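Which chain is which? The protein sequence lines are B and X, in order.
Numbered according to my numbering, the first sequence terminates at residue 276, and the numbering increases by one at each position without gaps.
Numbered according to my numbering, the second sequence terminates at residue 434, and the numbering increases by one at each position without gaps.
The beta-carbon is built from N, C-alpha and C at its ideal position, and this holds for glycine as well.
These numbers come from a predicted model, not from an experiment.
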Amino acid sequence: MLTVAKDSAKADAAVALGRYGPEKACHSGVVRTKRLKKTDPAKRMMWVAHVVAIRDSEDREAFAELFAHFAPRVKSFLMKSGASPDMAEECAQDVMATLWRKAAMFDPAKASVGTWIFTIARNRRIDILRKERRPEPEELPWGPEAEPDQAEALVLQEETQKLGAALAELPEKQRTLIEKAYFGDLSHSEIAAETGLPLGTIKSRIRLALERLRHVMK
Amino acid sequence: MTEIKHHLTDALLMGYAAGTLPEAFNLVVATHISMCDDCRAALAEFEAVGGEVMMTSESAEMAEDSLTATLDKIANAPSAPKVRPRTSGLFPTPLQDYVNGDLDAVKWRKIGGGVSQAVLPTSKGATVRLLHIPAGTAVPDHGHRGTELTLVLQGAFVDETDRFAAGDVEVANEDLNHTPVAEAGMDCICLAATDAPLKFNGLMPRIVQRFVGI
Ligand SMILES: [Zn+2]
Numbered sequence: 059m060l061t062v063a064k065d066s067a068k069a070d071a072a073v074a075l076g077r078y079g080p081e082k083a084c085h086s087g088v089v090r091t092k093r094l095k096k097t098d099p100a101k102r103m104m105w106v107a108h109v110v111a112i113r114d115s116e117d118r119e120a121f122a123e124l125f126a127h128f129a130p131r132v133k134s135f136l137m138k139s140g141a142s143p144d145m146a147e148e149c150a151q152d153v154m155a156t157l158w159r160k161a162a163m164f165d166p167a168k169a170s171v172g173t174w175i176f177t178i179a180r181n182r183r184i185d186i187l188r189k190e191r192r193p194e195p196e197e198l199p200w201g202p203e204a205e206p207d208q209a210e211a212l213v214l215q216e217e218t219q220k221l222g223a224a225l226a227e228l229p230e231k232q233r234t235l236i237e238k239a240y241f242g243d244l245s246h247s248e249i250a251a252e253t254g255l256p257l258g259t260i261k262s263r264i265r266l267a268l269e270r271l272r273h274v275m276k
Numbered sequence: 221m222t223e224i225k226h227h228l229t230d231a232l233l234m235g236y237a238a239g240t241l242p243e244a245f246n247l248v249v250a251t252h253i254s255m256c257d258d259c260r261a262a263l264a265e266f267e268a269v270g271g272e273v274m275m276t277s278e279s280a281e282m283a284e285d286s287l288t289a290t291l292d293k294i295a296n297a298p299s300a301p302k303v304r305p306r307t308s309g310l311f312p313t314p315l316q317d318y319v320n321g322d323l324d325a326v327k328w329r330k331i332g333g334g335v336s337q338a339v340l341p342t343s344k345g346a347t348v349r350l351l352h353i354p355a356g357t358a359v360p361d362h363g364h365r366g367t368e369l370t371l372v373l374q375g376a377f378v379d380e381t382d383r384f385a386a387g388d389v390e391v392a393n394e395d396l397n398h399t400p401v402a403e404a405g406m407d408c409i410c411l412a413a414t415d416a417p418l419k420f421n422g423l424m425p426r427i428v429q430r431f432v433g434i
């Protein structure tokens with residue numbers, strides 16, 4: 059079962075990333091993922107192909123699908139972080155507009171589309187709610203022009219998938235603490251003080267997922 | 221650069237990934253990550269955790285015209301920002317953005333004992349400063365009320381716990397009383413952030429503190 063899913067994901071990824079002509083890439087992805095679970099690596103590769111379609115041909119259909127899937131979650135994330143519904147709506151729109159504008163900077167060998175959107179949403183939240191600058195690490199020397207390696211991209215998506223599964227399997231209490239940390243309900247010192255729980259948990263139960271992910275990202 | 225021995229803690233990396241640290245801490249974290257591939261990889265993991273948390277929580281309903289409004293924003297927005305080129309010099313790019321230049325652009329103020337500082341502008345909640353400690357000089361013995369992050373940019377210092385060279389970051393909390401001493405040879409330049417005023421253990425420094433606002 060596992061191997062089958064993996065192989066079909068690989069085949070999909072090859073199609074999705076191999077042909078940058080957006081129609082074929084997206085449609086094959088859409089058809090295939092209908093039969094797969096929501097969080098399958100194949101689905102993740104489909105989102106990657108959608109971002110590529112926006113980058114290469116300003117594909118509005120691909121954007122509409124990304125929007126339908128991600129924007130409501132971004133909005134919910136912002137509301138849980140303290141934004142009013144109106145502000146969260148406005149922000150979620152900004153985040154999705156940023157995805158379009160920065161499509162060329164997305165590197166699927168470094169992050170899943172969900173991770174990437176999370177970082178955009180987080181930065182927007184700091185902008186709007188805290189009205190602060192956000193110092194970012196300097197870019198690594200390789201440019202975004204370089205085409206990411208397809209196999210690397212697939213492995214990264216698979217590992218992120220496993221990380222998500224590991225998080226989902228956490229006991230409710232521990233999961234809630236991790237969520238609180240990301241929704242901004244725990245300060246740094248509270249995170250440090252709670253180390254025994256969420257981070258200790260990450261270290262033991264999710265360590266493997268994280269280690270594989272790190273290996274892939276290097 | 222020599223190998224980095226002292227890294228950011230998981231709590232700091234998680235806080236930076238979540239976007240919940242004060243701006244002053246963010247600057248130290250971003251500057252260290254610019255110098256450290258290990259912490260850059262660890263940050264990517266914590267961002268992946270954030271992505272999964274966001275993607276698996278329930279979704280909120282979007283406004284009816286949301287997609288159209290977003291497409292309008294895209295049509296009216298300026299084109300994509302260019303990736304900033306890496307700057308050369310001693311300071312990594314995020315720090316240069318706050319200094320408005322490299323080492324030669326820093327406006328130092330003497331704070332006694334040969335030590336100089338330059339406070340960088342950030343939002344409230346924590347402060348961040350550059351420290352210039354002449355080779356062989358000690359920073360007065362002090363403790364911490366909150367957390368203090370000290371990132372070495374040039375030279376090295378030694379305190380009761382260990383030696384910290386370029387790229388190393390020391391994370392100190394209430395438990396640590398220390399007297400950092402710059403090594404002989406090269407002046408030590410550090411980026412230090414605190415979320416509470418330092419506690420100096422001698423009387424004189426406490427008086428100095430009132431004037432210089434450490
Ligand atoms: Zn490090």
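Euclidean distance between Cα positions of residue i and residue j
i              : j              : result
V339 (chain X) : T173 (chain B) : 34 Å
A46 (chain B)  : G333 (chain X) : Since the first residue shown for chain B is 59 and the last is 276, residue 46 (chain B) is missing from the structure and cannot be characterised.
E230 (chain B) : V273 (chain X) : 13 Å
C408 (chain X) : A107 (chain B) : 48 Å
S277 (chain X) : D114 (chain B) : 31 Å
Q215 (chain B) : F128 (chain B) : 16 Å
I178 (chain B) : L225 (chain B) : 21 Å
I184 (chain B) : N296 (chain X) : 23 Å
Y240 (chain B) : G405 (chain X) : 44 Å
K101 (chain B) : L241 (chain X) : 33 Å
S86 (chain B)  : Y236 (chain X) : Confidence at S86 (chain B) is low in this model, with a pLDDT of 37, below 50, so the placement of that residue should be treated as unreliable; the coordinate-derived value is given next. C-alpha separation (whole angstroms): 38 Å.
S245 (chain B) : L310 (chain X) : 31 Å
R159 (chain B) : A262 (chain X) : 27 Å
T229 (chain X) : R192 (chain B) : 19 Å
L351 (chain X) : R329 (chain X) : 10 Å
A146 (chain B) : L187 (chain B) : 10 Å
M163 (chain B) : I112 (chain B) : 12 Å
R365 (chain X) : A392 (chain X) : 10 Å
E190 (chain B) : E223 (chain X) : 32 Å
A155 (chain B) : A280 (chain X) : 18 Å
D388 (chain X) : D144 (chain B) : 43 Å
N246 (chain X) : K238 (chain B) : 19 Å
L232 (chain X) : K344 (chain X) : 18 Å
L235 (chain B) : D117 (chain B) : 39 Å
R306 (chain X) : W105 (chain B) : 30 Å
T61 (chain B)  : T367 (chain X) : Residue placement at T61 (chain B) is poorly supported in this model, since its pLDDT is 36, which falls under 50; the coordinates are not used for a value here.
D165 (chain B) : L291 (chain X) : 23 Å
Proximal chain B residues relative to residue i, where beta-carbon distance stays under 9 Å
i              : result
R306 (chain X) : E196, E197, L198 and P199
M406 (chain X) : The premise fails here: M406 (chain X) is roughly 23 Å from chain B at the closest Cβ pair, so nothing lies under 9 Å.
E267 (chain X) : A169, T173, W174, F176, T177 and R180
G321 (chain X) : Ordered by position in chain B, no residue passes the 9 Å Cβ test against G321 (chain X), which lies about 15 Å from the chain.
Top-ranked residue by Cα proximity to residue i, from the options
i              : options                           : result
A355 (chain X) : X:P312, X:F377 and X:A238         : X:F377
P360 (chain X) : X:D324, X:V326, X:N397 and X:A392 : X:N397
L198 (chain B) : X:A325, X:A416, X:M282 and X:P314 : X:P314
V248 (chain X) : X:G270, X:D317, X:S308 and X:T307 : X:D317
L157 (chain B) : B:V109, B:I186, B:P193 and B:A209 : B:V109
G375 (chain X) : X:A385, X:T229, X:P400 and X:K344 : X:A385
Q208 (chain B) : B:S170, B:D243 and B:E227         : B:S170
R233 (chain B) : X:G270, X:S286, X:L233 and X:D322 : X:G270
C410 (chain X) : X:N246, X:T251, X:K225 and X:A268 : X:T251
M255 (chain X) : B:E123, B:P130 and B:P195         : B:P195
A412 (chain X) : X:T347, X:F266, X:L291 and X:N320 : X:T347
Amino acids of chain X, ordered along the chain, whose beta-carbon sits closer than 9 Å to that of residue i
i              : result
S115 (chain B) : Ordered by position in chain X, no residue passes the 9 Å Cβ test against S115 (chain B), which lies about 14 Å from the chain.
A146 (chain B) : A280
Partners in chain B for residue i, counting only beta-carbon separations shorter than 7 Å
i              : result
T313 (chain X) : E196
N246 (chain X) : R192 and P193
L350 (chain X) : Chain B residues near L350 (chain X): none, gap ~14 Å exceeds 7 Å.
R260 (chain X) : P195
A250 (chain X) : P193, E194 and P195
E243 (chain X) : E190 and R191
Interface partners of residue i on chain X, CB under 7 Å
i              : result
I249 (chain B) : A231, M234 and G235
Q151 (chain B) : S286, A289, T290 and K293
Contact set between residue i and chain X, taken where Cβ atoms lie within less than 8 Å
i              : result
M337 (chain B) : Nothing in the structure corresponds to residue 337 (chain B), since chain B is present only between 59 and 276.
I184 (chain B) : G239
A122 (chain B) : L287
H108 (chain B) : Correct list: empty, because the minimum Cβ distance to chain X is about 14 Å.
For residue j and residue i, believed in contact at Cβ under 8 Å, the rounded distance
i              : j              : result
L136 (chain B) : A150 (chain B) : 6 Å
I353 (chain X) : A402 (chain X) : 4 Å
H227 (chain X) : C259 (chain X) : 5 Å
Contact set between residue i and chain B, taken where Cβ atoms lie within less than 8 Å
i              : result
I294 (chain X) : A155, W158 and R159
P283 (chain X) : In the sequence as displayed, the identity of residue 283 (chain X) is Ala instead of Pro. Ordered by position in chain B, the residues that pass the 8 Å Cβ test against A283 (chain X) are E147.
Chain X contacts made by the stretch 129-142 of chain B, where a contact means CB separation under 8 Å: A129, P130, R131, V132, K133, S134, F135, M137 and K138
Near-chain X residues of the stretch 217-243 of chain B - C-beta to any C-beta below 7 Å: T218, L221, G222, L225, A226, I236, E237, A239, Y240 and G242
Near-chain X residues of the stretch 156-177 of chain B (beta-carbon distance less than 9 Å), N- to C-terminal order: T156, W158, R159, K160, A161, A162, M163, K168, A169, S170, V171, G172, T173, W174, I175, F176 and T177
Neighbourhood of ligand 3 [Cβ distance below 6 Å to any heavy atom], ordered by chain position: Absence of ligand 3 is noted for the structure shown, with ligand 1 being the only ligands found.
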